[in-house]
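Asks: Using numbering that gives the first Met the number 0, read the first sequence as starting at 0 and increasing by one per residue.
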Amino acid sequence: MFDFTLDGTDGGARAGTLVLPHGIVQTPCFMPVGTRGAVRGLHPDEVLRAGAQIILGNTYHLHLRPGEDVVAAMGGLHEFSGWKRPMLTDSGGFQVFSLSAMRRLDEDGVSFRSHIDGSARRLTPESSIEIQWALGSDVAMAFDHLIPGQASHDDARDAMDRTHRWLERSRRRHDELSATGPGRQTLWPIVQGGTHADLRRASLDGILERGEWSGIAIGGLSVGEPKPVMHRVIEGLAPHLPVDQPRYLMGVGFPDDLIEGIARGIDLFDCVAATRNGRHGSAWTADGKVNVRGATLRLDPGPLDAECDCECCTRFSRSYLRHLFVAEEQLGQRLVSIHNIRFLLHLSATARARVLDGTFHAWAAEWRRRYFSKGSPE
RNA sequence: GGUGGGGUGGCCGAGUGGCUAAUGGCAGCAGACUGUAAAUCUGCCGGGCUUCGCCCUACGUAGGUUCGAAUCCUACCCCCACCA
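1) Below 6 Å CB to CB, which residues in the same chain sit around phenylalanine 371 once its five sequence neighbours on both sides are set aside?
2) Three Cβ pairs or more, each shorter than 8 Å: is that satisfied between the segment 183-190 and the segment 139-151?
3) Going by the beta-carbon positions, is the gap between leucine 334 and cysteine 307 smaller than 8 Å?
4) Is DSSP giving threonine 123 helix, strand or coil here?
5) Mapping the DSSP letters down to three states, classify glutamine 184 as helix, strand or coil.
6) Nearest to glycine 280 by CA position, among Phe315, Tyr247, Val232, Asn339, is which residue?
7) Give the secondary structure of aspartate 204 by DSSP, where H, G and I count as helix, E and B as strand, and everything else as coil.
8) Could you check if glycine 219 is buried or exposed, using at least 16 other CB atoms within 10 Å of its CB as the buried criterion?
9) Have a look at leucine 55 and glutamate 67 and give me their C-alpha separation to the nearest angstrom.
10) When you compare the CB positions of threonine 4 and threonine 16, do they come within less than 8 Å of one another, or not?
11) If you run the structure through DSSP and keep just helix, strand and coil, what is phenylalanine 371?
12) By the three-class DSSP mapping on this structure, what secondary structure does arginine 103 have?
13) Mind checking whether leucine 303 and leucine 320 have CB atoms under 8 Å apart?
14) Can you list, in chain order, the residues of its chain with a C-beta nearer than 6 Å to that of arginine 103? Leave out the 5 residues immediately preceding and following it.
15) Between which residues of its own chain and arginine 263 is the CB-CB distance below 6 Å, once the five residues before and five after are set aside?
16) Identify, in the order they occur along the chain, each residue of the same chain with its Cβ nearer than 8 Å to the Cβ of alanine 155, setting aside the five sequence neighbours on each side.
17) Serine 336 and alanine 273 look like a contact to me (Cβ under 8 Å); what is the Cβ gap, rounded to whole Å?
18) Out of Gly33, Phe96, Arg170, state which residue places its alpha-carbon closest to the alpha-carbon of proline 124.
19) Out of Leu98, Ala150, His230, Arg317, which one is the CA nearest neighbour of threonine 284?
20) Quick check on DSSP: helix, strand or coil for glutamine 94?
If you want it as C-alpha cells, here you go:
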C-alpha cells in the first residue's frame, strides 16, 4: 500500500514508482498545491489532464475551513474535493513559519490567531495528525518547526530538536490511529536543520533513529537562503538518505529547482509558484519566463510555449492570453496556471525518461543552457 | 443674447502666490512571487541627459502684477447648466 521501488538511476538522479492507497506516482514528480482542497482556480479534471498524479492539501487551512469534521462527514478529502488520486497533506508546519506574526510557539505546540476571523486556534503534533487522519490523505506530514533561511546555528538546532520531539509525538499518535484503520495513510518525517550541514545530518540521523518510514521529506529550504546553499544541503543529505524511500523536497520549486533537485536525487516536489505565478501572469517556458501581460505579446499569434501540449498552449494565442490578463478575465489566470503545472509535470516526466535511458545529465545541461539563455529568468 | 460654473500632465481629478514637474485614482510600462493570509505586491510613469543629479518645456490662449503665478488681474477662445 505504501511501496516505493527504484526503477532506475543516472548518476545521482533517480526514477521510481510510489504506490499509495489512491494510485501510483511515477517519480521524479511535481505535486500541484491545493491548499484548501482545490488547486486554486482549477477543476480537478484540468489538474488531471495537466498530468498531475498527486496533489497537496493543507492541515491548517482545511482545519479552519471547512473543518476536518465536515470533510470527514463528506467522506474524506478525496470524495469531498473530487480528486480521487493520491493526496498528501502538509501538517501546518509551514504556517508556523509563514504566519509567524500571528502565532505563539511553545514546546507543546503552536497557538494561532486565525487569519480568517481572528479566533484562537491551536495545533500540536497530535492534533495535526488527527486532522490529517480525518482528512484522509494518503500521506500525512509530521508537524515540524520551520525557520527562516538566515537562522543561526543555535536557532536551527533548537527548531531541529523540537522537530525531533514533535516527530515522536506525531508518530505515536499516527501509529495509534493506524491501528484502527491500517493501510489508509502513511506518515513522513521532515528533515530540518536550516542551512547548517552538521544539523542537517543530525536531523536525518534523528529521524532514522526514530523508526521505519515510507518516505522522507526535506523541509526548510527555499525560505530565503541562496540557491547554492540549498543545493549544498541536498548534496550533503543525499548519500545518507535511504535509497528505497521517496525523497520529497518540500515547497520547491521553480523549473530550474526541479532540475537541480532531480540531479541531486530528489523524487518529489511541490510548490505554489506554478499556480500563484500563473495567476499573476508569469509563465514558464523552455526559454525562460514569459510575462503574459507584456506589451510584446500584444500582437503575438503564437502559443505561450510552442512545445507545450497543455490546454492553454494548444488552443490560445499569446495575444489572447495577454488580453485576458489586461482585461482581468479569470480565464487567463486559469489557463496560465494550467500551463505552469503542465510545464513542471512535463519537465519532471521528461527527467524521468532521461534517467531511465541514462541521458539525464547531458539533457539537464542543455536544458539549463537554453532556459537561462535569454538573460537570467530567475 | 443674458447669468452662473468650468478649462490642470493619455484620461479622471486635487491643488487657490513660494515647500509644485504639480496629491490621488485609472490607463500604460517593467519587475517580484518557492510545504498559498497573495486574482497579490513593488517600482517607473512631461521631455532630454553623464538619471541618488542636472537642464528644458509645462496647468485653454495672449498679455500683465510680483523677487516669485497652475494659483492674482485684463482680454480673448472653448465647454457645461439655466434663463431668453
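Note that CB positions come from ideal geometry on N, CA and C, so glycine has one too.
Replies: In brief:
1) By the criterion of a C-beta distance shorter than 6 Å, phenylalanine 371 is surrounded by no residue of its chain, once the five residues flanking it on both sides are discounted.
2) Enough Cβ pairs lie closer than 8 Å, so yes.
3) Going by C-beta atoms, leucine 334 is not nearer than 8 Å to cysteine 307.
4) Under the three-state reduction of DSSP output, threonine 123 falls in the coil class, being neither helix nor strand.
5) Coil.
6) The shortest Cα separation from glycine 280 among Phe315, Tyr247, Val232, Asn339 belongs to Asn339.
7) Reduced to three states, the DSSP call for aspartate 204 is helix.
8) Buried, by the Cβ-count rule.
9) Glutamate 67 has its alpha-carbon roughly 15 Å from the corresponding atom of leucine 55.
10) It is a contact, given that the beta carbons lie within the stated cut-off.
11) It is coil, neither helix nor strand.
12) Here arginine 103 carries a strand assignment [DSSP, helix/strand/coil].
13) Judged by beta-carbon spacing, leucine 320 lies within the 8 Å limit of leucine 303, meaning their Cβ atoms are closer than that value.
14) Excluding residues within five positions, the ones whose Cβ falls inside 6 Å are Ser110.
15) Answer for arginine 263: Gly11, Ile233, Glu234, Ala237, listed in chain order.
16) Here the set comprises Ile146, Gln191, Gly192, Gly193, Thr194, His195, Leu198.
17) Sure, about 7 Å apart at Cβ, within 8 Å.
18) Nearest to proline 124 by alpha-carbon distance, out of Gly33, Phe96, Arg170, is Arg170.
19) That would be Arg317, whose Cα lies nearest to the Cα of threonine 284.
20) The answer is helix: DSSP assigns glutamine 94 an H, G or I state.
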